[in-house]
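The structure appears right after this line, and notes come after that.
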Amino acid sequence: MGFTSNLCLWITFCLHLCCFINTGKAQNAKEVILLDSKAQQTEMEWISSPPSGWEEISGLDENYTPIRTYQVCQVMEPNQNNWLRTNWIEKGDAQRIFVELKFTLRDCNSLPGVVGTCKETFNLYYQETDSEVGRNIRENQYVKIDTIAADESFTQGDLGERKMKLNTEVRIIGPLSRRGFYLAFQDVGACIALVSVKVYYKKCWSIIENLATFPDTVTGSEFSSLVEVEGMCVSDAEEEADNSPKMHCSAEGEWLVPIGKCICKAGFHQKGDACEPCGRGFYKSSSQDLQCSRCPAHSYNDREGSWRCDCEDGYYRALSDPPSVACTRPPSAPQNLVYNINQTTVSLEWSPPADTGGRNDVTYRIMCRRCSWEPEECVPCGGNVGYSPQQAGLVDTYVSVVDLLAHANYTFEVEAVNGVSDLSRTQRLFAAVSVATSQAAPSQVSEVIKERVQQRSIQLSWQEPELPNGVITEYEIKYYEKDRIYSTVKSRSTSATVNNLKPSTAYVFQIRAFTAAGYGTFGPRVEVTTKEEASAATIVSSEQNPVIIIAVVAVAGTIILVFMVFGFIIGRRYALAAFSVTHGSPAVHQFAKELDASCIKIERVIGAGEFGEVCSGRLKLPGKRDTSVAIKTLKVGYSEKQRRDFLCEASIMGQFDHPNVVHLEGVVTRGKPVMIVIEYMENGSLDAFLRKHDGQFTVIQLVGMLRGIAAGMRYLSDMGYVHRDLAARNILVNSNLVCKVSDFGLSRVIDDDPEAVYTTTGGKIPVRWTAMEAIQYRKFTSASDVWSYGIVMWEVMSYGERPYWDMSNQDVIKAIEEGYRLPAPMDCPPGLHQLMLDCWQKERADRPKFDQIVGILDKMIRNPNTLKTPVGTCTRPISPLLDQSTPDFAAFRSVGEWLDAIKMERYRDNFTAAGYSSLESVARMSIEDVMSLGITLVGHQKKIMSSIQTMRAQMLHLHGTGIQV
Numbered sequence: 001m002g003f004t005s006n007l008c009l010w011i012t013f014c015l016h017l018c019c020f021i022n023t024g025k026a027q028n029a030k031e032v033i034l035l036d037s038k039a040q041q042t043e044m045e046w047i048s049s050p051p052s053g054w055e056e057i058s059g060l061d062e063n064y065t066p067i068r069t070y071q072v073c074q075v076m077e078p079n080q081n082n083w084l085r086t087n088w089i090e091k092g093d094a095q096r097i098f099v100e101l102k103f104t105l106r107d108c109n110s111l112p113g114v115v116g117t118c119k120e121t122f123n124l125y126y127q128e129t130d131s132e133v134g135r136n137i138r139e140n141q142y143v144k145i146d147t148i149a150a151d152e153s154f155t156q157g158d159l160g161e162r163k164m165k166l167n168t169e170v171r172i173i174g175p176l177s178r179r180g181f182y183l184a185f186q187d188v189g190a191c192i193a194l195v196s197v198k199v200y201y202k203k204c205w206s207i208i209e210n211l212a213t214f215p216d217t218v219t220g221s222e223f224s225s226l227v228e229v230e231g232m233c234v235s236d237a238e239e240e241a242d243n244s245p246k247m248h249c250s251a252e253g254e255w256l257v258p259i260g261k262c263i264c265k266a267g268f269h270q271k272g273d274a275c276e277p278c279g280r281g282f283y284k285s286s287s288q289d290l291q292c293s294r295c296p297a298h299s300y301n302d303r304e305g306s307w308r309c310d311c312e313d314g315y316y317r318a319l320s321d322p323p324s325v326a327c328t329r330p331p332s333a334p335q336n337l338v339y340n341i342n343q344t345t346v347s348l349e350w351s352p353p354a355d356t357g358g359r360n361d362v363t364y365r366i367m368c369r370r371c372s373w374e375p376e377e378c379v380p381c382g383g384n385v386g387y388s389p390q391q392a393g394l395v396d397t398y399v400s401v402v403d404l405l406a407h408a409n410y411t412f413e414v415e416a417v418n419g420v421s422d423l424s425r426t427q428r429l430f431a432a433v434s435v436a437t438s439q440a441a442p443s444q445v446s447e448v449i450k451e452r453v454q455q456r457s458i459q460l461s462w463q464e465p466e467l468p469n470g471v472i473t474e475y476e477i478k479y480y481e482k483d484r485i486y487s488t489v490k491s492r493s494t495s496a497t498v499n500n501l502k503p504s505t506a507y508v509f510q511i512r513a514f515t516a517a518g519y520g521t522f523g524p525r526v527e528v529t530t531k532e533e534a535s536a537a538t539i540v541s542s543e544q545n546p547v548i549i550i551a552v553v554a555v556a557g558t559i560i561l562v563f564m565v566f567g568f569i570i571g572r573r574y575a576l577a578a579f580s581v582t583h584g585s586p587a588v589h590q591f592a593k594e595l596d597a598s599c600i601k602i603e604r605v606i607g608a609g610e611f612g613e614v615c616s617g618r619l620k621l622p623g624k625r626d627t628s629v630a631i632k633t634l635k636v637g638y639s640e641k642q643r644r645d646f647l648c649e650a651s652i653m654g655q656f657d658h659p660n661v662v663h664l665e666g667v668v669t670r671g672k673p674v675m676i677v678i679e680y681m682e683n684g685s686l687d688a689f690l691r692k693h694d695g696q697f698t699v700i701q702l703v704g705m706l707r708g709i710a711a712g713m714r715y716l717s718d719m720g721y722v723h724r725d726l727a728a729r730n731i732l733v734n735s736n737l738v739c740k741v742s743d744f745g746l747s748r749v750i751d752d753d754p755e756a757v758y759t760t761t762g763g764k765i766p767v768r769w770t771a772m773e774a775i776q777y778r779k780f781t782s783a784s785d786v787w788s789y790g791i792v793m794w795e796v797m798s799y800g801e802r803p804y805w806d807m808s809n810q811d812v813i814k815a816i817e818e819g820y821r822l823p824a825p826m827d828c829p830p831g832l833h834q835l836m837l838d839c840w841q842k843e844r845a846d847r848p849k850f851d852q853i854v855g856i857l858d859k860m861i862r863n864p865n866t867l868k869t870p871v872g873t874c875t876r877p878i879s880p881l882l883d884q885s886t887p888d889f890a891a892f893r894s895v896g897e898w899l900d901a902i903k904m905e906r907y908r909d910n911f912t913a914a915g916y917s918s919l920e921s922v923a924r925m926s927i928e929d930v931m932s933l934g935i936t937l938v939g940h941q942k943k944i945m946s947s948i949q950t951m952r953a954q955m956l957h958l959h960g961t962g963i964q965v
């Protein structure tokens with residue numbers, strides 16, 4: 001007892017010393033505190049079971065303020081099981097909870113006589129509830145979070161040297177679905193002091209961005225999840241058209257790049273994060289305008305928040321005029337009007353007005369009146385009079401008025417008008433002139449009828465002109481072939497026959513009348529074609545010409561095809577050589593199209609990449625429909641190396657054209673942000689897609705996905721590329737479940753030789769997906785991509801499970817070197833697992849080629865029965881990778897030992913309560929039986945079923961138990 005008390009005194013001293021050294025940090029503004037034991041100065045009264053275990057004591061922080069802590073140090077007694085439970089913690093809106101522990105722990109080596117009983121860890125648990133559940137602790141109701149170990153432990157010597165430091169550990173729990181939870185701490189024989197416990201969750205605090213208010217937002221339930229938040233426009237602002245404001249709250253409580261925005265309404269301008277009204281004498285006509293403008297000339301306003309200015313008296317603004325245009329007035333009258341008479345045609349000319357009213361849209365209109373010999377008796381000229389070029393809307397300062405009556409008096413008025421003339425209430429201003437016409441020639445012959453058409457003659461008839469203006473003595477008929485010299489014939493009546501024409505020939509005819517005043521003008525053109533004359537030679541020629549044409553086209557097409565084939569071969573070799581030479585500084589525009597940033601519209605953030613955000617959006621190229629695209633952006637503040645590495649991927653993708661390789665639309669390098677634009681794959685990455693749809697596809701559908709990936713890799717291999725980072729996370733899936741290879745950041749070109757090797761000297765390697773020789777010697781080939789493809793097969797058949805589960809990278813490397821390989825996923829056909837094992841052959845020469853893999857998968861799709869038979873390309877045996885802690889099920893004596901070995905000991909009570917007391921009964925379990933035990937986590941279900949399947953196989957082989965597999 002004295003020894004234990006002495007230890008407790010050491011811990012208490014340690015608490016004072018550690019709190020003195022720890023200066024404390026400012027509260028993180030992204031955290032919402034649910035519990036902070038350090039802030040509580042009175043007794044916390046947490047539940048301790050047994051009561052003699054954890055003990056609540058007082059301590060002092062760095063400001064000598066009393067704090068409450070818990071300690072336990074029963075290292076002298078074996079089989080310790082001391083529990084400490086917090087009070088009930090209401091979680092609020094949180095789904096993902098952070099637990100920060102500060103503690104000190106005594107080194108067991110410094111305690112004499114405690115070998116075998118002393119521990120240097122403790123366990124952290126939690127229990128979800130909707131309300132408080134009383135003071136009894138039922139261990140089987142708690143879910144284990146983690147085993148907590150100290151980074152630094154103290155000894156007696158440390159106390160003398162005053163080197164004590166607190167251990168700080170943070171753990172995450174969630175997603176949580178109930179109103180609250182308890183935390184529990186289990187001591188199994190350590191000498192430990194729990195200095196403080198802080199429980200909190202993270203949120204993005206409210207913010208105003210782009211004139212939109214985004215409220216406090218709790219982070220998502222997953223580490224990689226983004227919470228999309230709709231913004232609300234501030235007062236006197238509105239959403240920009242088709243661009244509503246959105247932001248995404250990251251798992252770390254940080255707002256990501258905003259999408260869309262609000263803009264100040266008409267009559268208001270932005271000042272800081274608010275919209276203020278325009279002052280008197282100023283206006284803003286549209287929300288698209290940035291600032292208020294001073295009222296334009298001859299306009300005013302006497303109120304705030306105006307979207308336009310009113311015109312002064314005598315000034316106007318046309319309906320089509322924007323508010324930014326000055327108010328104007330009608331023009332003055334045209335100047336210097338003169339005329340010229342030619343029989344019944346009057347030509348008028350004038351000069352522009354002296355005052356255009358401040359506008360540049362001045363046109364002219366003509367008013368014509370026919371007057372009697374008595375003054376003041378005039379009537380409008382009517383529709384029989386013609387104006388050339390037109391009566392109104394004249395831009396030029398002249399007009400000809402035709403088809404007037406002979407020997408008549410006319411008055412012409414010429415008025416200048418502009419866009420506000422019709423709005424003016426003042427008197428019209430115009431120039432006027434009176435004239436008298438003389439004898440006139442007849443008007444046009446307008447109606448011509450084809451009476452009879454022969455091979456060499458055409459008979460025509462017509463009506464007398466509407467205005468003969470005298471006695472018509474004859475008609476002149478002009479006719480000609482197109483683009484030829486014309487001929488004429490005369491007729492004294494209203495009909496005529498034209499002879500000596502060519503068969504099958506188009507002729508144009510025009511007719512005019514003659515009086516004492518002379519000829520009128522020719523009427524409209526009439527086109528008539530004479531009848532054709534049959535010819536045997538013509539028939540033969542028309543039949544043979546198409547044959548000749550077809551033969552010529554066929555020969556020309558063959559020549560062009562030959563040149564295209566040679567051009568493709570030479571072009572591909574040139575592209576590979578050019579990229580290989582320029583890879584250190586990617587010649588992006590040699591392989592990637594430069595896009596105009598204005599053609600790209602970012603709509604929302606869908607993830608975060610190595611170099612910046614990944615967004616979805618629309619691409620609208622001139623003359624084409626807009627398409628959905630994914631946009632990789634380069635974050636602000638990038639280095640030149642990061643820019644080169646970022647664009648390197650685009651320079652590689654731009655050389656590929658295959659239905660199972662992601663298509664590059666282009667790049668934006670001449671603006672900010674720098675962007676890579678690729679086709680949009682609606683279902684995202686393959687691993688996340690499979691986890692979301694766990695168990696929802698048939699085996700043939702999964703094999704179809706694998707076949708698409710293999711086809712894409714076969715294409716890349718044929719192109720001479722090694723991917724180096726092939727994994728389900730780098731495969732994208734579209735809405736039709738077509739899988740496409742993506743993420744070429746680590747890809748490299750090699751020689752055309754299929755055995756060529758790319759060797760690297762540094763950089764990260766994805767160990768769980770990488771072949772042995774690539775890990776050990778950094779030698780990458782198409783065969784190392786085949787190894788990675790085998791891992792992708794395992795990911796697909798296990799619906800996105802993590803390869804090698806929770807094994808460390810070093811454990812994975814060691815297991816592979818010793819010949820172990822991943823076992824078949826649950827319900828995986830033997831034929832597919834055998835193909836995986838072939839991909840994981842130690843010697844790279846023994847692995848299948850992608851061309852062989854595509855052939856095998858095609859055969860499986862055509863004949864699903866082959867999935868049941870392991871038909872691979874290799875014959876060397878490989879040992880399946882067993883969990884290293886369960887090498888032989890015969891060595892287990894109980895269900896509890898088996899669960900401990902596969903690290904599923906938390907479900908002991910579940911198996912016991914359901915009556916599974918022997919391994920034989922466990923071996924008969926199905927997935928439905930496992931789910932009926934209350935095991936809801938899919939990963940745990942799969943791990944337990946995988947172990948049960950291995951158990952069955954061993955029992956059948958060793959004991960012949962007759963268990964149905």
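Under UniProt numbering, the sequence shown has 453 at position 453, and the numbering climbs by one with no breaks. Backbone N, C-alpha and C fix where the C-beta goes; we use that ideal spot for every residue, glycine too. Predicted, not measured: the structure shown is a model, and the values here were computed from it.
Quick check on the burial criterion: 16 or more other C-beta atoms within 10 angstroms. Buried or exposed for P330? Buried is the label assigned to P330, since at least 16 other Cβ atoms lie within 10 Å of its Cβ.
Can you name the start and end residues of the beta strand (DSSP E) that D146 belongs to? From DSSP, the beta strand (DSSP E) with D146 extends over 143 to 149.
Can you pull the DSSP bridge partners for H248? According to DSSP, which records beta bridges pairwise, H248 is partnered with E228.
Quick one: what's got a C-beta closer than 6 Å to A824's C-beta in the same chain, skipping five residues either side? The answer, listed in chain order, is H833.
With 16 other CB atoms within 10 Å as the buried threshold, where does S742 fall? Buried, because 16 or more other Cβ atoms sit within 10 Å of the Cβ of S742.
Report yes if the CB atom of A149 is closer than 8 Å to the CB atom of T121, and no otherwise. Result yes, Cβ atoms of A149 and T121 sit closer than 8 Å.
Let me confirm a value: P766 is counted as buried when at least 16 other C-beta atoms fall within 10 Å, else exposed. Which label applies? Per the 10 Å Cβ criterion, buried.
Residue from V508, N500, K284 whose Cα sits closest to the Cα of K482: When each option's Cα is compared against that of K482, the closest is V508.
Please report the distance separating the alpha-carbon of E679 from that of H663. CA-to-CA, the gap between E679 and H663 works out to about 6 Å.
Identify whether K482 lies in helix, strand or coil by the three-state DSSP scheme. It is coil, neither helix nor strand.
Does the count of Cβ pairs from the region 197 to 212 and the region 241 to 258 closer than 8 Å reach three? With the cut-off at 8 Å, the region 197 to 212 and the region 241 to 258 touch.
Taking the C-alpha atoms as reference points, what is the distance between K692 and I700? Answer to the nearest angstrom: the Cα atoms are 19 Å apart.
Would you call the CB atoms of A710 and Y789 closer than 8 Å? It is a contact, given that the beta carbons lie within the stated cut-off.
Under 8 Å between the Cβ atoms of residue 967 and A333? Given a span of 1 to 965 for the chain in the structure shown, any question on residue 967 remains unanswerable.
How big is the Cα-Cα spacing for V528 and R456? Roughly 12 Å separates the two Cα atoms.
Proximity to V738 [Cα-Cα], best of S372, H658, E843, G386: With distances taken between CA atoms, V738 lies nearest to H658 out of S372, H658, E843, G386.
So, helix, strand or coil for M675, using DSSP? Reduced to three states, the DSSP call for M675 is strand.
Which residues in the same chain have their Cβ closer than 7 Å to the Cβ of R492, if we skip the five residues on either side of it in sequence? These residues qualify, in order along the chain: E474.
Taking T69 and V234 to be in contact with their CB atoms under 8 Å, please state how far apart those CB atoms are, rounded to whole angstroms. Contact check for T69 and V234: beta-carbon distance about 48 Å, past the 8 Å limit, so the pair fails to qualify.
According to the Cβ coordinates, are A440 and N409 closer than 8 Å? No, they are not a contact pair.
If you draw a straight line from the alpha carbon of C828 to that of M860, how long is it in whole angstroms? Their backbone Cα atoms lie some 13 Å apart in a straight line.
Where the alpha helix (DSSP H) containing L716 begins and where it ends: Here the alpha helix (DSSP H) through L716 covers 699 to 718.
Between the CA atoms of W805 and M797 - distance to the nearest angstrom: CA-to-CA, the gap between M797 and W805 works out to about 14 Å.
For V218 and W10, the rounded distance between their alpha carbons: With a pLDDT of 48 at W10, under the threshold of 50, the modelled position of this residue cannot be trusted; read the value that follows with caution. Their backbone Cα atoms lie some 42 Å apart in a straight line.
Straight-line gap, C108 to S131 (C-alpha atoms, nearest Å): Taking the straight line from one Cα to the other gives about 39 Å.
Note down, in chain order, each residue of its chain lying with its Cβ closer than 6 Å to the Cβ of E413, except the 5 sequence neighbours on either side. The residues are M367, F430, A432.
Proximity to I100 [Cα-Cα], best of Q510, S782, D146, L837: According to the sequence provided, residue 100 is Glu. The question's Ile does not apply to it. Considering only alpha carbons, the answer is D146.
Start-to-end residues for the alpha helix (DSSP H) that takes in D187: From DSSP, D187 is part of no alpha helix (DSSP H) but of the beta strand (DSSP E) over 180 to 187.
Does the distance from the CB of L84 to the CB of A184 come in under 8 Å? Their beta carbons are under 8 Å apart, which means L84 touches A184 by this criterion.
For R317, three-class secondary structure by DSSP: In this structure, R317 counts as coil in the three-state DSSP scheme.
So, is Y574 buried or exposed, given that buried needs 16 or more other C-beta atoms within 10 angstroms? Low local confidence applies: a pLDDT of 41 at Y574 is under 50, so the model's placement there is unreliable, and no value is given.
For Y519, which residues does DSSP report across the bridge? Note: Y519 sits in a beta bridge opposite F514.
Take D654 and list the residues in its own chain whose beta-carbon comes closer than 6 Å to its own, dropping the five residues that flank it on each side. With the sequence shown as reference, residue 654 is identified as Gly, and Asp is not the correct amino acid for it. Excluding residues within five positions, the ones whose Cβ falls inside 6 Å are F591, A592, L664.
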